[in-house]
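Read in order, the letters of the sequence shown correspond to residues 24 to 199 in this note's numbering.
Backbone N, C-alpha and C define an ideal beta-carbon position, used for all residues, glycine too.
Working notes, structure below.
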Amino acid sequence: MKSKTRPVRWLVCFLGTLTIASAAQADLLDGVVTKITDGDTIWVRPAQCDDAVRCRPIKIRMQGIDAPERCQAWGTQATQALRARLLNQTVQVRYSSRDVYGRALGRVSMGNEDIGAWMVKQGHAWSYRERHNAGPYAQEQARAERSHLGLFADLQATEPRVFRKSHGPCGASDPP
């Protein structure tokens with residue numbers, strides 16, 4: 024009896040591994056940045072798409088950072104910095120899930136450079152922290168704070184999550 028179930032178990036295990044491997048490949052996206060919404064949200068048109076008219080860009084929320092809101096102090100500068108760095112550039116996105124707004128959550132890189140790390144190093148965003156976790160870019164943030172770069176030059180700078188709690192999200196009438 025054992026000899027008959029072994030090949031079946033092996034096959035199930037093998038197929039499970041293939042499924043996991045293909046799922047891991049499905050979370051990679053190469054494409055061109057077509058739009059920058061704010062300091063942590065970009066739109067990427069997949070490179071594999073031949074028909075730019077029918078192939079819609081995918082909205083990506085950059086994972087690991089929290090940039091100021093558009094209507095918040097330094098929000099415009101963060102958006103402009105990201106736009107200058109990425110607009111019309113080819114990027115790679117490794118995404119794993121979606122946020123509450125339906126955006127793909129992903130790490131964005133251009134070549135070998137992690138763009139989230141770059142944003143924090145330049146003082147355009149905070150390392151996204153949860154509870155007692157300082158976030159993936161805590162070291163970059165500490166250096167930017169010590170050097171008073173970007174938004175960290177303002178000792179009264181408010182983290183976006185705190186800003187949203189007291190002011191709500193930026194409205195359509197707020198400056199872009």
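- Under the three-state reduction of DSSP, residue 172 is assigned to coil, being neither helix nor strand.
- Bounds of the alpha helix (DSSP H) holding residue 187 are 183-190.
- Inclusion of residue 62 and residue 101 in the CB contact set at 7 angstroms is warranted, their separation being smaller than that value.
- Each residue's CA atom was taken as its position, placing residue 52 and residue 152 some 25 angstroms apart.
- Secondary structure of residue 141 (DSSP, three-state): helix.
- For residue 163, DSSP records no beta bridge to any residue.
- If you compare the alpha carbons of 121, 98, 172 and 150 with that of residue 50, the shortest gap goes to 121.
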